[in-house]
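Those protein sequence lines, which keep their order, are chains A and B. Residue 696 is where the first sequence starts when you use this note's numbering, and the numbers rise one by one after that. Residue 618 is where the second sequence starts when you use this note's numbering, and the numbers rise one by one after that. For glycine and all other residues, C-beta sits at the position ideal for the given N, C-alpha and C. Because the structure is a prediction, the values reported are computed rather than measured. Below: one structure, written as structure tokens.
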Amino acid sequence: METASPSVRYVFLGGLAAFVAQVALAPNCAIAGVVPNLMIVATALTALSHSALRACVFGFVVGMLYDLASGGPLGVMALVSCIIGYALSTVTKGSFSESLLAKMAAVVLAALFGEMLHALVLGIIGYSADVLHSLVFVALPGVAFDALIGLVALLVLNALGSRKGSGRSGLQMDYRSGAPAGPRLRMGSHRRLSTTGPSSRRMPRASSRRLRKRKFD
Amino acid sequence: MALLPQRPRQVSAGVVTVFLCLLSVALMTVWLREGATGPLHAVRSASMLLTAPLQQAGAVAFSPLRAADAAVEDLTTSPDTVASLRAQNEDLAGLVMRLEEYRLENERLSKLLRIADAYALPGLGARIISRTSDSYNRTITIDRGTVDGLSVGMPVMSANGLVGQIEAVGLFSSVVRLVTDPRSGVAVFLQANRSEGILVGSPDGLLYLERVPQSSGVVAGDVVITSGAGGVYPKGIILGEVISVTENPADVYLDIVVKPVRQVDAYEEVLVIVGRASEVVWNPQDQGAAGVGGGSGAGAQAQEQAAGHETGQEPGQEPGQEPLEGQAG
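Here it is as structure tokens:
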């Protein structure tokens, strides 16, 4: 029987943890009626380290769970999370490389885009009567809340990954397979390395030199 | 021509995203078009079996923090506030004594006129296990469900006034939409001058009283209570107090802001009104008072009391005196 790869398990566990936190913890952390949306945060973090396909499916599933647990119409958060997952994963593909700052900016943008889109969709379907009011009094404070939680989670994951993977970022994954990348696999270069075929077996010159040096040390 | 080995087809992320987006839109459409008893609503009610224990666990985990917060708030109360509260307490104690006299008098007169007590509402106590888990809905989850006899639409109140209405019922838990939710609307009138209006919630937690004409003479400090119109909420439950009245020359109605009696965050228990002691109309054919909605619960109780009163004479009632005709609650 085929078992799921460790990465898929991590994604599944991450989604489950986000859902449990959203249902059990988030209502108790609300400030002035604004509850953090942990599904947007979880989808953004997944999109930074996984393929667009995996990110959009993850976003849809956790969004649907959010809709079931909340009082709003079913499908709204699923739509928003799905779009965020796909868009963020597609935009950041290979271009964010090592920069933690760029990832932090991506999380903040995902929070902004997600909360705004959520408020707009609710307004379009007629669920919230005053869209402008919702955008100002609900969505904007929500952006700040989500961004703060997202940044903390990003830093924690980064620190954990650095400790585990001897210097590599915690959010570096093999883009195609979803498996955690090795010490030399960077987001900007691993795509080329992970493709199948003869060319993928070639190792960049600098990397092979480093490897030889390490071997003889 | 030799057949080339077929490569497994890669599913495009874009195609999957479009499919999932369309599925979400379809679900939204079905959700909005189906009634409260539709299949998707039933799925949500069923999902409460899973989410309610999680919410309860979260509430239990955070209860020490909540208690500590309240303790710190009590400790940091200024001496002026304490003195002001003491003075207010003395005033209220006097008021309660006077009201008790009025209550007893009202009870006597109601028995004389055979009117059921519309305020003796049969309720079921429930514990709040969670607040809303998103920013766009103001709801609470309580630990009573269909096994306790609850159903969608039942009003929920606290010791201080109306809280909301049950929106979804699971087996062991229910979701209550608060009156402060932007989607809530309650038919009300002002206690002072009986001007009627509709009280709606808002995302900022305040209540807005709509459809009150400019000539109604509303002033800040007026108490807002339920009118009973619409048949959802019982009559006479306190909702809040008017804090601002603005006259708009371009509008025929006033802009009135109402502050809820107490924010629901402060509560831990609520009361679900399981039977309606609705407006009572005296019916001479029945030889007693009868509730419009079937006279269940307190209505029936009051009916029995009124019937029992047939044998005994209340002070002030002349022997053989006929009840007044056409009296309504």
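Around the beta-carbon of A:GLY758, 16 or more other beta-carbon atoms lie within 10 Å, marking it buried. The Cβ of A:ILE778 sits closer than 8 Å to at least one Cβ of chain B. At least one CB of chain B lies nearer than 8 Å to the CB of A:ILE820. Residues of the segment 811-825 of chain B with a C-beta less than 8 Å from any C-beta of chain A: SER819, PRO820, ASP821 and GLY822, listed in chain order. Contact of B:PRO772 with chain A is not assigned, every C-beta pair being separated by 8 Å or more.
At a cut-off of 8 Å between C-beta atoms, B:THR843 does not count as an interface residue with respect to chain A.
Between the beta-carbon of A:ARG749 and that of A:VAL706 there is about 7 Å, and that keeps the pair under the 8 Å contact cut. Listed in chain order, the positions of the segment 736-767 of chain A with a beta carbon within less than 9 Å of a beta carbon of chain B are SER746, ALA747, LEU748, ARG749, ALA750, CYS751, VAL752, GLY754, PHE755, GLY758, MET759, LEU760, TYR761, ASP762, LEU763, ALA764, SER765, GLY766 and GLY767.
Assignment of beta-bridge partners to B:GLN782 by DSSP yields B:PRO772 and B:ARG794.
Under the three-state reduction of DSSP, A:VAL831 is assigned to helix.
Here the C-alpha atom of B:ILE746 lies approximately 40 Å from the C-alpha atom of B:LYS728. Membership of A:GLY754 in the alpha helix (DSSP H) is indicated by the continuous run 747-764. Annotation: B:VAL633 to B:VAL836 spans about 58 Å, alpha carbon to alpha carbon. Using a CB distance below 8 Å, the part of the segment 711-725 of chain A facing chain B consists of VAL715, GLN717, VAL718, ALA719, LEU720, ALA721, PRO722, ASN723 and ALA725, ordered along the chain. Rounded to the nearest angstrom, the gap between the Cα atoms of B:SER664 and A:VAL802 is 30 Å.
Contact check for B:VAL805 against B:ILE842 passes: the beta carbons are separated by less than 8 Å. At a Cβ-Cβ threshold of 8 Å, A:ALA713 and A:ALA747 do not count as neighbours. Residue environment: B:MET771 is assigned as buried (16 or more neighbouring CB atoms within 10 Å of its CB, all protein chains considered).
Taking C-beta atoms as the reference points, A:GLY809 and A:VAL756 fail to come closer than 8 Å. DSSP places A:LYS798 within a helical segment (H, G or I) once states are collapsed to three. Scanning its chain for C-beta atoms nearer than 6 Å, with the 5 sequence neighbours on each side dropped, one finds around B:GLY781 the residues VAL773, VAL793, ARG794, LEU795 and VAL796, in chain order. For B:GLU886, the enclosing beta strand (DSSP E) covers residues 886-890. Here DSSP, grouped into helix, strand and coil, assigns B:PHE806 to strand.
Of the candidates A:GLY821, A:SER857, A:LEU807 and A:ILE820, the residue whose Cα lies closest to the Cα of A:ALA834 is A:LEU807.
Contact with chain B is found for A:PHE832, since one of that chain's Cβ atoms lies less than 8 Å from the residue's Cβ.
By alpha-carbon distance to B:THR763, the top candidate from B:GLY740, B:SER791 and B:SER750 is B:SER791. Within the same chain, ALA814 come within 6 Å of A:LEU830 by CB-CB distance, once the 5 residues on both sides are set aside. For A:GLY770, at least one C-beta of chain B is nearer than 8 Å to its own C-beta. With contacts defined as CB atoms closer than 8 Å, B:ALA669 and B:GLY787 qualify as a contacting pair.
In chain order, ALA721 and PRO722 place their CB closer than 7 Å to the CB of A:VAL730, counting only its own chain and leaving out the 5 sequence neighbours on each side.
Going by DSSP, B:GLU858 is part of the beta strand (DSSP E) stretching over 855-863. The DSSP-derived three-state label of A:GLY767 is coil.
Under a criterion of Cβ atoms nearer than 7 Å, the residues of chain A adjacent to B:PHE679 are, in order, ASN723.
For B:ASN754, the chain A residues whose C-beta falls within less than 7 Å of its own C-beta are SER765, GLY766 and GLY767, listed in chain order. Within the same chain, PHE714 come within 7 Å of A:LEU760 by CB-CB distance, once the 5 residues on both sides are set aside. Put simply, the CB of B:PRO877 is far from chain A, with every gap to its CB atoms at 8 Å or more.
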